[in-house]
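Undergrad: Below you'll find the structure I mean.
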Amino acid sequence: MDEINAEMIESFADKVKSIEGEIAKEIIGQREIIRQVLMAVIAGGNVLLEGVPGLGKTRLVKTLGHVLDLSFNRIQFTPDLMPADITGTNIIMKDEQGNNRFSFQPGPIFANIVLADEINRATPKTQSALLEAMQEHSVTVAGQTRGLPEPYFVLATQNPLEQEGTYPLPEAQLDRFFFKLLVDFPSLEELHAIIELTTAGDDVVAHKAVDGDAILQLREIARHVPIARGVQDYALRLVLATHPEIDGAPDVARRYVRYGSSPRGAQAIISAAKVRALMEGRYNVSFDDIKYAAYPALRHRIFLNFEGLAEGRTSDGIIDEIIDALAE
Amino acid sequence: MKTAINGAIYRAMLPVRKRILLRHFINYVFLGTLAALIYAIAWIIASFFYPIMGLDLYILLGAAAVLALFMVLGMVFRPSLTKVAYEIDDRGLQQRVITSYEMSGRNDAFAVLQRRDTLKRLKSFDYGSIPVWVIPKRWLYASAAMAAILIVLSFIPNPQDDVIRERLRVQEAIDKGLADIDKAEDELTREAEISDEQKQDITKLLEELKRDLKDQSDYKEAMKDISKTEEALEKMLEQTRLTQMASIARSLDKSDITKALANAVEGQDAEAIESEMERLKDMLRQGLDKETAAELQKALADAAAAASDPQLKEGLQAAADAMASDMAAGTSLSSAALDGLQEQLMQMAQGVSGEPADMQYALQQMKGQIAQAAGQGGMQVASSGGTGSQNSGSEGQDGSDRNSGSGSGSGSGNSPSDGSGSGDSNGSGSGIGSGHTNQDAGNSNSSGSSGSTNKPEGDPDSYAEYERIYDPTRLGDGGETSHITDKPSDSGDSQQTDVGNGLGSFDGFIPYNEVFGDYQSQAMESMERSAIPPNMRETVRQYFSSLVE
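Structure follows, in structure tokens:
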């Protein structure tokens with residue numbers, strides 16, 4: 001990759017804006033979700049989208065693949081889905097000479113963007129098949145490790161309402177997700193736009209805005225965004241404050257939190273904050289960036305205790321109170 | 001490039017930094033003022049329970065020191081550039097400045113772009129948005145409360161003010177007394193009748209006293225110090241006297257003819273001395289043979305050599321010389337030579353040794369003045385209209401034509417006893433002085449000087465704490481006037497009304513400390529005049545010392 005120069009940095013925001021613009025052609029509303037998904041994609045993380053069916057999650061991911069000019073596969077997770085159905089397997093094939101030999105048949109995981117739809121419907125064994133792919137960007141089948149194409153992202157969805165016959169994602173699996181995004185129901189205005197877009201007139205098609213290499217370049221640029229020591233310190237204190245067992249933890253954490261965020265949470269906050277700074281046309285990370293990134297990066301990494309669940313507390317509410325209690 | 005950009009950022013930060021520093025120092029000045037107010041209040045409250053001399057000065061200097069301390073603290077803890085950078089960032093620059101500041105050493109594309117962006121923002125930054133006056137409300141409330149407390153406290157009468165006034169008067173009296181002591185000390189050095197060794201010892205005692213009294217404002221302590229010196233002086237003189245008598249006795253004991261006199265001298269028996277001296281005089285009158293006369297003359301000469309007191313030495317030597325002269329001339333020995341010696345030996349045996357009398361008198365006077373100063377506070381009229389005994393000492397001294405004598409005077413005066421603390425005193429005094437010998441005693445009559453005394457009106461409470469005693473001297477000349485209103489009536493009876501405050505406050509009863517000094521002085525003077533045994537004198541001194549403790 002070329003050395004980062006001023007022109008590349010200055011064009012970052014424009015590129016991201018063009019991507020957002022193209023996606024927005026097909027996805028009505030959900031601006032923040034689109035923005036946060038892009039932040040995760042540029043930072044190189046996986047995203048867990050949580051929302052009721054019909055909010056355009058799958059469409060968003062498909063559009064993203066198209067705009068980014070990346071290969072896209074969708075896996076519909078069901079209880080009978082097996083790991084090999086995802087990763088692929090060796091099958092016996094005849095070669096040109098008619099000899100039988102094992103040949104690897106790649107699974108749907110071999111794509112730049114993988115949509116794991118309703119991921120909590122598959123068994124933990126199948127869910128865990130994604131672990132290596134999400135973290136290492138590789139797949140090991142029959143003792144042979146195969147790399148996945150770069151850039152590589154897993155975007156999983158789950159339905160928060162229908163919990164029967166589901167397998168909640170274990171903490172280790174959740175921690176692999178860079179962001180967890182909550183997809184809200186569209187507003188009346190947005191619904192009007194959706195209806196007008198889908199039931200009348202011509203289909204609007206999003207165009208390719210960048211390619212995979214550009215995404216990798218954007219990722220590299222974002223990694224170099226400077227961050228002041230005090231700002232980084234604030235992010236780390238924020239993560240530490242989610243741990244009830246640590247001295248000086250806020251009361252809210254002591255009272256309602258069972259486990260706090262892992263260091264991956266801090267990495268996610270800082271990486272996302274850097275991307276956001278550039279998206280905002282700034283060349284340094286601010287406290288606002290940290291606070292903005294804290295919600296999607298920590299909400300699935302904070303586990304409430306019984307008291308928290310019983311009182312109907314949410315992770316976002318806990319993060320709110322921690323931010324209020326923490327001095328910059 | 002690095003230096004230029006860093007310098008540019010620094011320059012861009014400077015105006016903000018100045019405002020932040022100004023605000024910082026204003027806050028510290030405010031805090032310092034608050035602390036100074038608390039400091040002043042603490043001192044004023046303390047002054048209600050303990051008399052603090054020079055309170056205003058303490059408060060002013062202390063408050064200034066507290067303020068200065070806060071300024072120094074403000075200097076030490078002044079905002080760093082980092083803090084300034086964070087403060088600017090808080091006002092919408094979103095950590096651009098602090099990032100630039102921390103990236104000062106970097107010149108990569110990001111660092112350059114970031115600095116450029118920061119400079120651009122700094123140039124359009126509204127410096128006026130940084131407030132200079134940011135005093136937390138709780139500080140303002142606290143300062144207002146402290147100022148209010150200070151004002152209220154300054155209007156509340158301080159009971160310790162009377163104590164302070166009394167101490168100032170005591171200090172003044174001590175200073176005056178010290179000046180008198182210095183004067184007496186000068187005279188002492190010129191006194192020929194006191195040995196050098198005695199002079200040195202007395203000087204040493206006085207130096208100690210002066211040291212003790214320096215900056216002393218507690219009259220009790222001052223009185224104690226003076227009493228201690230008096231006792232030491234007395235003890236020293238007594239010791240000298242005893243040593244001298246023992247020495248003379250040893251010399252006289254060598255001769256059979258003066259052996260009995262030696263025993264009388266050693267036993268400090270004035271009557272025996274008188275009797276022995278009379279016996280020797282009889283022997284002289286009856287005529288002595290040459291050998292006996294020579295033996296007596298030699299015994300007297302030896303005793304003169306052994307005596308350390310210059311006056312006694314002179315007396316003994318004079319007697320020995322007179323005998324030697326008579327013997328050389330072949331004339332009969334005269335007993336007159338022993339007359340003076342007899343008187344001197346008797347006085348010595350009785351402990352009437354008055355060489356440092358001026359000094360003792362000065363000490364007594366000083367105690368009297370201090371006691372009087374401690375007791376003043378609204379009753380000045382009564383004392384100014386008093387007996388005129390304050391002039392008596394000097395009048396008595398006038399009466400002695402040689403040695404310094406102590407005396408007492410009496411005077412009558414009129415004084416308006418209106419309680420206002422001002423009045424004129426007219427008096428005439430007479431003094432009677434007594435010396436060591438009958439030649440020293442003298443009388444003088446002098447008309448008292450008229451003077452006026454103006455003293456501030458004191459708080460009557462200041463003397464209320466002293467026990468009131470009956471002072472008979474006030475009945476005649478300074479007592480309460482009894483007003484009788486006489487209203488003719490048909491029956492011819494008259495009505496009498498006492499407009500005084502009743503028996504309890506009859507002016508014959510006054511706080512003892514007002515007359516204590518006079519009483520003590522008179523007692524000491526009387527002791528000087530009379531042949532009172534040393535142990536009795538000591539008892540009287542101890543009595544007066546115990547009264548001031």
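So the protein sequences, as listed, match chains A and B.
Sequence positions in the first sequence follow the numbering used here and run 1 to 328.
Sequence positions in the second sequence follow the numbering used here and run 1 to 549.
The beta carbon of each residue, even a glycine, is placed where N, CA and C say it ideally should be.
Values in this document were obtained by computation on a predicted structure and should not be read as measured data.
Counting only the same chain and skipping the five closest in sequence on each side, list residues whose C-beta sits under 7 Å from that of R264/A.
TA: Listed in chain order, the non-local C-beta contacts of R264/A below 7 Å within the same chain comprise D175, local neighbours out to five positions each way being set aside.
Undergrad: Evaluate contact between the region 70-84 of chain A and the region 301-318 of chain A, counting only Cβ atoms and requiring at least three cross-stretch pairs below 8 Å.
TA: No: fewer than three Cβ pairs fall under 8 Å.
Undergrad: Shortest alpha-carbon distance to A336/B belongs to which of A322/B, E514/B, K214/B and Q344/B?
TA: A322/B
Undergrad: Note down, in chain order, every chain B residue with its Cβ under 8 Å from the Cβ of F102/A.
TA: Neighbours of F102/A on chain B: none; closest Cβ ~49 Å, over 8 Å.
Undergrad: 9 Å is my cut-off, CB to CB: does E10/A come that close to chain B?
TA: yes
Undergrad: Applying the criterion that 16 or more other CB atoms from any shown protein chain within 10 Å of the CB defines a buried residue, is G399/B buried or exposed?
TA: No answer about G399/B holds up, because its pLDDT of 34 lies below 50 and its placement is not dependable.
Undergrad: Kindly identify the DSSP beta-bridge partner or partners of Q105/A.
TA: Bridge partners of Q105/A: T89/A.
Undergrad: Once you ignore the five residues that flank L70/A on each side, which residues in its own chain have a CB closer than 6 Å to its CB?
TA: N112, I113 and G212
Undergrad: Helix, strand or coil, according to DSSP, for T331/B in the structure here?
TA: coil
Undergrad: Just the C-alpha distance for M536/B and S308/B, rounded to the nearest angstrom, thanks.
TA: 26 Å
Undergrad: Ordered along the chain, which non-local residues of its own chain (more than five positions away) have a Cβ less than 7 Å from that of I20/B?
TA: P79, V84, E87 and I130
Undergrad: Would you call the region 309-317 of chain B and the region 253-263 of chain B touching, i.e. three or more CB-CB distances under 8 Å?
TA: no
Undergrad: Considering only the beta carbon of each residue, do L67/B and A42/B sit closer than 9 Å?
TA: Cβ atoms of L67/B and A42/B: not closer than 9 Å.
Undergrad: Under 8 Å by Cβ, that's how I've got A249/B and V170/B pegged, so tell me the actual separation to the nearest angstrom.
TA: Their Cβ separation, rounded to whole angstroms, is 46 Å, which puts A249/B and V170/B out of contact at 8 Å.
Undergrad: In chain E, which residues lie with their C-beta within 9 Å of the C-beta of I98/B?
TA: In the structure shown, chain E cannot be found, because the protein chains are A and B.
Undergrad: Cβ atoms of D225/B and L237/B: under 9 Å apart, would you say?
TA: no
Undergrad: Rounding to the nearest angstrom, what Cα-Cα distance links Q36/A and I9/B in this structure?
TA: 33 Å
Undergrad: Is the distance from the Cβ of L334/A to the Cβ of L326/A below 9 Å?
TA: What the structure shows of chain A is the stretch from 1 to 328, and residue 334/A is not part of that stretch, so it cannot be assessed.
Undergrad: From A13/A to F104/A, what does the alpha carbon distance come to, in whole angstroms?
TA: 41 Å
Undergrad: If we count the other Cβ atoms within 10 Å of its Cβ and call it buried at 16 or more, is N501/B buried or exposed?
TA: Residue confidence is low: N501/B scores 47 on pLDDT, short of 50, so the model does not pin down where it sits. Its coordinate-derived value is still stated next. With fewer than 16 other Cβ atoms within 10 Å, it is exposed.
Undergrad: Between the alpha carbons of I52/B and Q198/B, how many angstroms are there, rounded?
TA: For I52/B and Q198/B, the distance between alpha carbons rounds to 40 Å.
Undergrad: Quick one: list the residues of chain B neighbouring I4/A, beta-carbon separation under 9 Å, in chain order.
TA: D108, A109 and F110
Undergrad: Tell me whether S505/B sits in a helix, a strand or coil according to DSSP, three-state version.
TA: Bear in mind that the predicted position of S505/B carries a pLDDT of just 44, short of 50, making it unreliable; the figure below should be weighed with that in mind. In this structure, S505/B counts as helix in the three-state DSSP scheme.
Undergrad: What's the C-alpha gap between S264/B and Q200/B?
TA: Note that residue 264/B corresponds to Ala in the displayed sequence, not to Ser. For A264/B and Q200/B, the distance between alpha carbons rounds to 30 Å.
Undergrad: Go through the region 112-180 of chain B residue by residue and report every complete run of the alpha helix (DSSP H) that reaches 4 residues or more, in order.
TA: 137-155
Undergrad: What span of residues does the beta strand (DSSP E) with Y259/A cover, start to end?
TA: V257 to Y259
Undergrad: Report the CB separation of G54/B from Y39/B in whole angstroms; it is logged as a contact under 8 Å.
TA: Your pair G54/B and Y39/B does not check out as a contact, with CB atoms roughly 15 Å apart and the cut at 8 Å.
Undergrad: Mark V205/A as exposed unless 16 or more other C-beta atoms lie within 10 angstroms of its C-beta, in which case mark it buried.
TA: That one is exposed.
Undergrad: Just the Cα atoms here: how many angstroms apart are Y50/B and Q160/B?
TA: 7 Å
Undergrad: Based on the DSSP output, what are the partners of I113/A in its beta bridges?
TA: Beta-bridge pairing links I113/A to F72/A and F153/A.
Undergrad: Can you tell me whether A4/B is buried or exposed? The criterion is at least 16 other CB atoms within 10 Å of its CB, across all chains shown.
TA: Low per-residue confidence applies at A4/B: pLDDT is 42, beneath 50, and the placement is therefore not dependable enough to give any value.
Undergrad: Any beta carbon from chain A within less than 9 Å of M75/B's own beta carbon?
TA: For M75/B, the answer is no, since every Cβ of chain A falls outside 9 Å of its Cβ.
Undergrad: Among the candidates L140/B, R541/B, R96/B and E314/B, whose CA atom is the shortest distance from the CA of L119/B?
TA: R96/B
Undergrad: Among E3/A, T63/A, D233/A and P160/A, which one has its Cα closest to the Cα of I27/A?
TA: T63/A
Undergrad: Since K180/A sits in a beta bridge, which residues does DSSP pair it with?
TA: L48/A
Undergrad: By DSSP, does L304/A sit in helix, in strand, or in coil?
TA: strand
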